[in-house]
């Protein structure tokens with residue numbers, strides 16, 4: 095199951111999530127994505143998620159090539175990851 099916009103805490107103002115796909119995002123299992131998250135892939139970019147991942151609020155993940163996030167990974171809020 096893919097949950098988008100979950101984990102609304104008092105400390106975060108509800109925000110829109112942005113998924114900007116020119117490449118691919120692959121989900122290999124369940125994931126919970128917090129509010130205000132940006133997932134973006136460029137033309138040849140790929141983001142691959144393992145199983146049972148959690149992405150905290152206001153994270154930004156941007157891929158021009160390839161990002162692989164393994165199983166059972168937790169990414170804290172306001173984290174940024176850019177892969178050129």
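Residue numbers (our numbering): 95 to 178. Glycine included, C-beta positions come from ideal geometry on N, C-alpha and C.
DSSP bridge partner residues for residue i (one or two, in chain order)
| i | result |
| --- | --- |
| residue 175 | 155 |
| residue 160 | 140 |
| residue 112 | 132 |
| residue 118 | 140 |
Through-space distance from residue j to residue i, alpha-carbon basis
| i | j | result |
| --- | --- | --- |
| residue 162 | residue 140 | 8 Å |
| residue 127 | residue 149 | 5 Å |
| residue 109 | residue 145 | 25 Å |
| residue 152 | residue 175 | 12 Å |
| residue 133 | residue 142 | 11 Å |
| residue 111 | residue 173 | 14 Å |
| residue 119 | residue 137 | 12 Å |
| residue 166 | residue 147 | 5 Å |
| residue 159 | residue 114 | 14 Å |
| residue 98 | residue 164 | 19 Å |
Cβ neighbour criterion (16 or more within 10 Å) applied to residue i
| i | result |
| --- | --- |
| residue 168 | exposed |
| residue 130 | buried |
Contact belief for residue i with residue j at Cβ below 8 Å, rounded distance in angstroms
| i | j | result |
| --- | --- | --- |
| residue 117 | residue 135 | 3 Å |
| residue 125 | residue 96 | 5 Å |
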